[in-house]
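Sequence order for the protein chains is W, A and D. Quick note on our numbering: the first sequence kicks off at 1434 and runs consecutively. Quick note on our numbering: the second sequence kicks off at 761 and runs consecutively. Quick note on our numbering: the third sequence kicks off at 5 and runs consecutively. In this text, a Cβ means the ideal position worked out from N, Cα and C, and glycines have one as well. Please read these numbers as outputs of a predicted model, since none were measured by experiment.
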Amino acid sequence: MIAGIALAIVQVVIVGAGAPLLVGALRTLKARLVGRRGPSPWQPYADFRKLLAKEAVVSTTTSWVFRATPYILVATLLVTALVVPVVTVRPPLTFAGNIILLVYLFMLGTFFLALAGLDAGSAFGGMGSSREVAVAALAEPTVIVAVFALALRADTIDLGRIVERFGGEPWLAANPAHLLAFAAFFIVMLAETGRLPVDNPATHLELTMIHEAMVLEYSGRHLALVEWASAMKLFLFMTLLANLFVPWGLTEPSGPVAVLRGLLALTGKLALLTIAVAVLETAVAKLRLFRVPELLAGSFALAFLSLMAVFLVR
Amino acid sequence: MFRQLRTALRTGIVTEPVVPAGELERIGERLASEVARHFGRSLAIRQVDAGSCNGCELEITGLTGPHYDLERFGVHFVASPRHADCLLVTGPVTRNMAEALRRTWHATPDPKFVVAVGDCGRDGGVFRGSYAIVGGVADVVPVDAVIPGCPPSPAALLAGLLEAIGRLAR
Amino acid sequence: MTRLAYGSVILFGIAAAGLGGYGVAGGAGTLRLTWLVPLGGIELTLDPLGGLFLALIGLAVVPASVYALGYPDGDTGRFAYFVFVASMCVVPLAANTMTFLIAWELMSLASYFLVLRDRESRESIRAAWVYAVMTHAGLACLLAGMLLLGADVGSPRFADWRAAASALAPTTRDAAFVLLALGFAGKAGVIPLHVWLPLAHPAAPSHVSALMSGVMIKLGIYGLLRVSLDWLGVGPPWWGAALLIAGAASSVIGVLYALVEHDLKRLLAFHSIENIGIILLGIGSAALYRVAGLDALALLGLIAALYHTVNHAAFKALLFLGAGAVVHATGTRNMEAMGGLIKRMPWTAACFLIGSAAIAALPPLNGFVSEWLTFLALFQNMRLESVGQNLVFTLGIASLALTGGLAMACFVKAFGITFLALPRSDAAAGAHEASPPMRLAMLALAAACVALGLGPTLVVPVFGAVAAAVLRTAPQATGGDWLTLRVSGEFASLSTAAIAVVLAASFLVPLAALRLVGASRRTRGYETWGCGRIVQTARMEYTATAFANPFKRVFDFFYRPTKRLDIEFHPESRFFVERIEYENPTRSIFDDWLYRPALDLLHAGARAVGALQSGSANQYLAYILVALLLMLVLA
Chain W
1434 MIAGIALAIV
1444 QVVIVGAGAP
1454 LLVGALRTLK
1464 ARLVGRRGPS
1474 PWQPYADFRK
1484 LLAKEAVVST
1494 TTSWVFRATP
1504 YILVATLLVT
1514 ALVVPVVTVR
1524 PPLTFAGNII
1534 LLVYLFMLGT
1544 FFLALAGLDA
1554 GSAFGGMGSS
1564 REVAVAALAE
1574 PTVIVAVFAL
1584 ALRADTIDLG
1594 RIVERFGGEP
1604 WLAANPAHLL
1614 AFAAFFIVML
1624 AETGRLPVDN
1634 PATHLELTMI
1644 HEAMVLEYSG
1654 RHLALVEWAS
1664 AMKLFLFMTL
1674 LANLFVPWGL
1684 TEPSGPVAVL
1694 RGLLALTGKL
1704 ALLTIAVAVL
1714 ETAVAKLRLF
1724 RVPELLAGSF
1734 ALAFLSLMAV
1744 FLVR
Chain A
761 MFRQLRTALR
771 TGIVTEPVVP
781 AGELERIGER
791 LASEVARHFG
801 RSLAIRQVDA
811 GSCNGCELEI
821 TGLTGPHYDL
831 ERFGVHFVAS
841 PRHADCLLVT
851 GPVTRNMAEA
861 LRRTWHATPD
871 PKFVVAVGDC
881 GRDGGVFRGS
891 YAIVGGVADV
901 VPVDAVIPGC
911 PPSPAALLAG
921 LLEAIGRLAR
Chain D
5 MTRLAYGSVI
15 LFGIAAAGLG
25 GYGVAGGAGT
35 LRLTWLVPLG
45 GIELTLDPLG
55 GLFLALIGLA
65 VVPASVYALG
75 YPDGDTGRFA
85 YFVFVASMCV
95 VPLAANTMTF
105 LIAWELMSLA
115 SYFLVLRDRE
125 SRESIRAAWV
135 YAVMTHAGLA
145 CLLAGMLLLG
155 ADVGSPRFAD
165 WRAAASALAP
175 TTRDAAFVLL
185 ALGFAGKAGV
195 IPLHVWLPLA
205 HPAAPSHVSA
215 LMSGVMIKLG
225 IYGLLRVSLD
235 WLGVGPPWWG
245 AALLIAGAAS
255 SVIGVLYALV
265 EHDLKRLLAF
275 HSIENIGIIL
285 LGIGSAALYR
295 VAGLDALALL
305 GLIAALYHTV
315 NHAAFKALLF
325 LGAGAVVHAT
335 GTRNMEAMGG
345 LIKRMPWTAA
355 CFLIGSAAIA
365 ALPPLNGFVS
375 EWLTFLALFQ
385 NMRLESVGQN
395 LVFTLGIASL
405 ALTGGLAMAC
415 FVKAFGITFL
425 ALPRSDAAAG
435 AHEASPPMRL
445 AMLALAAACV
455 ALGLGPTLVV
465 PVFGAVAAAV
475 LRTAPQATGG
485 DWLTLRVSGE
495 FASLSTAAIA
505 VVLAASFLVP
515 LAALRLVGAS
525 RRTRGYETWG
535 CGRIVQTARM
545 EYTATAFANP
555 FKRVFDFFYR
565 PTKRLDIEFH
575 PESRFFVERI
585 EYENPTRSIF
595 DDWLYRPALD
605 LLHAGARAVG
615 ALQSGSANQY
625 LAYILVALLL
635 MLVLA
């Protein structure tokens, strides 16, 4: 029990404290790739500190939904942080749900953020909400089918056990089905976390925004919470991708050493993934909004092929 | 896509190094430390075009490019005044933009400051006295610093931002 | 008088719920009145499945009737309402054909009169007409199927069918299945037999819509359960596959139609189609697993279906009651004329938000639990050998996932456009909160959604017992303790209570953290940021149409939207526009490609036969002569 709570705290701290660094490192890397020196990887922490010292300007049109959403958003992501195997194969809330819970917890956050986008009554917020839920809804089947393809081969849908199973039997992971599911999940990760080529996190043009348009109204501490939440979402999606598809380095939470080893493995995997995302974001242009469904349909096709590979090869 | 990446890798970083202190870097370094002191090494700028000819905007855009690279000092541009600490206002304030500028100022959360950019922003510049303008930025919202020039160079912009932050500290 | 009428219905509902609960707990009983009607007489039997549906009806009737007490025009149609409720209660108890069909038809007729409440409006009349036609087409199918079975088995009693099922000829059994399933699917609103549903539900008063959508269409599900799992024994695999595919189609198509619908009650009606689809996914998987001999998984699928049936009754009744309060307050069902209601109707808004989150399957509410169980039932298809069946299950998984996402999007629209931002019309600006009985009913249903979400460990064993009685196996699908629901051994576990607690604690974390780091707590109110625009009105808000537009474009092969732009210029100059009208309606595939051709065919046939009736006496004499000659020749 006490070990479980300790692990829960460790995991939340890793996700909560690591997420801004991940975002910062991604920005620095992207700057370097276009020949700029770029901001320090620690820049997001400074941004948060400053935002927390500022007042919050809240539109008088809004209701309690707008003000409660940043807290709800952070809460859903903290719970998610307890469900994902971050540094061990036994995430603290593993008994309470699994991948389906995870997907629907992300949806809970999106639901409230989209409502908050509508709450101020500006055209930008509505536009952002509409696009965000469209992308989230279309990405949904891919996530579920890709994970189903994994679950099928691991014979469980418990995330920790999937990692354990693939970690223990490496030949299970060296399989075309695995790679196809990885590709599908990678695309979905980009879509769900608002990265290029689906959404441009650095855009200043309202008409091209998806995620940014929803949060245009937030300021001060509210903005800090929303930004923190989206950083955690990116961190968790990348962690999921890293640990589900490259499951090595994670073990039972037998002690501090195991946790530390898991953390080291995670850091390595995330570093590689961050480089991959940065290179991709530098190299591709943003897709036109109505081309995004084609990309997501493509990712669904990959997930479906992965599943077929499992059915036919067994 | 690979050509772009290849170019990026071959060219390397063109942002000029800070150590052999040129004028620009000295200003930038000081800006960074001032920003650090007052805004926790993070300054978000919302640029407002109150009727400019876009000459100033061209120079401001230069700040974000690889050569000047404002972001390395912890300064970045944002899309909404709600996210901003600083309003960077260009152009003489036209009658049509005066109210919009006022509302933008109100929409920005405190603590905040306003920098008027260019000769037009200072007092209307070549448009001074025109029936179509209200005047300089200071005639509409409280201005903390002015960066003169037509248009001011990116280096001058950096210096001006620094001065504004310094004045805010006093 | 009104108070007395609805008061007695409330008591009746409580009694029905009690009797149903007794049935679920294993109590059995039979009531026989052979003298009352011919062909077997009235026969009522209580069994667990019937008891579950009876309890569901009773429990849904109570809040609906409480709501009706506070509903402004609740005093019309009291008699039809009572008949409607009473006949619904008889359906799950009916033990023979005669009883069943009488109750079924009474239920349909009573609801017909409730739909036709507003006899002046063309829309209501059309809705009631389509409803009457569809429900009687369904009745014809049921009648044919039941007569076929009755003749073949030699008894109108359902218990005898059950006993004789395995001895029936496969063709008879298949024919009976198809006829009965069509009849019941029509009542349940399964695609493509759904056309009456989005017309009839909005036309009825809201407490009746809540019952129609919450429980009446569930009796279609009750029938489908009886047909696919009970009366006809273990059928061939294609029965289950057909149900699964119908479920997949209904869920996705239902939610797609709901997305582009801006009439609040019609939107909810389309969501009923979607949820019926989700329930069918559970039933279909149960049927397929049962054929394969995987009883534990069949049990799981059936539990998921039953759970979702109950959940849908809770949240859909809640949403219809909430929509009724909104419609009454604003005088319109059009979402484009609403907005800002969260400030004018805070209670209704809060209840509607809970209902929206529940139907969008957001944890830790009840919709999530039953969709989770459905996912688990579908996921375990790897234990089936046939790749074809695996594919059907995969289709179900993908549709359920897509449905979940789209339903979330749709309820962002439904809640956001209706309740948030600025009011889009004077009526919405002057809206008022619902009356206390209406609020009480909504609060009770919202509490039910939360309770059903947090207590799966208590509820699932009950459904397990009912499902086991239907499948005649031991209840063994789930395990775990009071906190955790464990499904299929080590396969998966769920604890919504734990999630809720952690979620609540996590909600406090940012609050405490902000306080701890000394974050600024100053808040200043100012207008919405609109690029410094001077007049910001509700006309600048995003509309429901605009919100749904990405979906309309992505799924344009399905919606086939048309565009009509009508611009009126100033007579002096084309540079001045006086009026613009823009319409972007979608077209229904089912109307254009199924019902219209079918109707045209019917009309053409009627016209061809009509040629016989010329009005000429000579011709009629000739017919008689020909008929006589034919008889003589044949004899």
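(Q) Just to confirm before moving on: does the CB-CB distance between A:Pro911 and A:Leu823 stay below 8 Å? (A) no
Q) Any Cβ of chain B within less than 8 Å of the Cβ of A:Ile925? A) Reference to chain B is not applicable here, since the protein chains of this structure are W, A and D.
Q.
Quick check: what's the CA-CA separation for D:Arg123 versus D:Leu113?
A. 16 Å
Q: Report the option in A:Thr771, A:Phe837, A:Ala858, A:Val877 whose CA atom is closest to the CA atom of A:Asn814.
A: A:Val877
Q) Going along the chain, which residues of its own chain have a beta-carbon closer than 7 Å to the beta-carbon of D:Leu58, five neighbours each way excluded? A) Ala20, Leu23, Gly24, Gly27, Cys93, Pro96, Leu97
Q. Counting contacts by CB-CB distance shorter than 8 Å, is A:Glu859 in contact with chain D?
A. yes
**Q.** W:Pro1477 versus W:Leu1649, W:Thr1461, W:Met1671, W:Pro1525, residue with shortest Cα-Cα distance
**A.** W:Thr1461
Q) Can you tell me where the alpha helix (DSSP H) with D:Ser128 in it begins and where it stops? A) 126 to 157
Q. At a Cβ threshold of 8 Å, is W:Gln1476 touching chain A?
A. yes
Q | Selected residue, minimal CA-CA separation from D:Thr590, among D:His332, D:Phe562, D:Ala450, D:Leu37 | A | D:Phe562
Q: Please check if any C-beta of chain D sits within less than 8 Å of the C-beta of W:Tyr1651.
A: no
Q) Along chain A, which residues have their Cβ under 9 Å away from the Cβ of D:Gly536? A) Val808, Pro841, Met857, Glu859, Ala860, Leu861, Arg862, Arg863, Thr864, Ala867
Q: Grab me the residues of D:Glu109's own chain with a C-beta within less than 7 Å of its C-beta, minus the 5 sequence neighbours each way, in chain order.
A: Within the same chain, and ignoring the five residues on either side of D:Glu109 in sequence, the residues whose Cβ sits closer than 7 Å to its Cβ are Leu143.
Q) When DSSP builds the beta bridges, which residues end up paired with D:Gly529? A) W:Val1491
Q: Step through the CB atoms of chain W and report whether any lies within less than 8 Å of the CB of D:Tyr546.
A: yes
Q) From the beta carbon of A:Ile773, is the nearest beta carbon of chain W less than 8 Å away? A) yes
Q: Pair every Cβ in the segment 436 to 452 of chain D with every Cβ in the segment 264 to 279 of chain D, then say whether three or more of these pairs are closer than 8 Å.
A: no
Q. What are the uninterrupted segments assigned as alpha helix (DSSP H) that are 4 or more residues long and contained completely in the segment 166 to 238 of chain D, given in chain order?
A. With a minimum length of 4 residues, the continuous alpha helix (DSSP H) runs that stay inside the segment 166 to 238 of chain D are 174 to 192, 201 to 207, 210 to 215, 221 to 229.
Q.
Below 8 Å on the Cβ atoms is my contact criterion, and I expect D:Ser213 with D:Phe324 to pass it. Report the Cβ-Cβ distance as a whole number of Å.
A. 5 Å
Q.
For chain A, check one thing: does any of its Cβ atoms lie closer than 8 Å to the Cβ of W:Pro1472?
A. yes
Q. Between the segment 47 to 63 of chain D and the segment 896 to 909 of chain A, do at least 3 Cβ pairs fall closer than 8 Å?
A. no
Q: Put D:Ser403 into one of helix, strand or coil per three-state DSSP.
A: helix
Q) Whose Cβ in chain A lies nearer than 8 Å to the Cβ of D:Trp533? A) Ser840, Pro841, Arg842, Ala867
Q.
Buried or exposed for A:Pro780, going by 16 or more other Cβ atoms inside 10 Å?
A. Per-residue confidence for A:Pro780 stands at a pLDDT of 45, beneath the threshold of 50, marking its modelled position as unreliable; no derived number is given.
Q.
Using a Cβ-Cβ distance cut-off of 8 Å, determine whether A:Ala781 contacts chain D.
A. Residue confidence for A:Ala781 is low, a pLDDT of 46 falling below 50, so the modelled location carries little weight and cannot support an answer.
Q. Apart from the five residues on each side of it in sequence, which residues of its chain come closer than 6 Å, Cβ to Cβ, to W:Ala1698?
A. Answer for W:Ala1698: Gly1682, listed in chain order.
Q: Measure the beta-carbon distance from W:Ala1617 to W:Leu1455 and round it to whole angstroms, keeping in mind my assumption that it falls under 8 Å.
A: The pair is not a contact, with the Cβ atoms about 22 Å apart (cut-off 8 Å).
Q: Apply the 10 Å Cβ neighbour rule to D:Gln393 and answer buried if 16 or more other Cβ atoms are within range, or exposed otherwise.
A: Under this definition D:Gln393 is a buried residue.
**Q.** For A:Asn856, the three-state DSSP class (helix, strand or coil)
**A.** A:Asn856: helix per DSSP, three-state reduction.
Q) In chain W, which residues lie less than 8 Å from A:Ala768 when you measure between Cβ atoms? A) Leu1466, Val1467, Gly1468, Thr1715
Q.
With the cut-off set at 8 Å, would you say D:Leu284 and D:Val231 are in Cβ contact?
A. no
Q: Can you give me, in chain order, the residues of the segment 815 to 826 of chain A that have a beta carbon less than 7 Å from any beta carbon in chain W?
A: Pro826
Q.
Determine, for D:Tyr530, whether the minimum Cβ-Cβ distance to residues of chain A falls below 8 Å.
A. yes
Q. On the three-state DSSP scale, how would you describe D:Arg578?
A. coil
Q: Going by CA-CA distance only, name the one from W:Ala1704, W:Leu1706, W:Ser1663, W:Gly1688 that's closest to W:Ala1514.
A: W:Ser1663
Q: Measuring only between beta-carbons, confirm whether A:Phe873 sits less than 8 Å from chain W.
A: no
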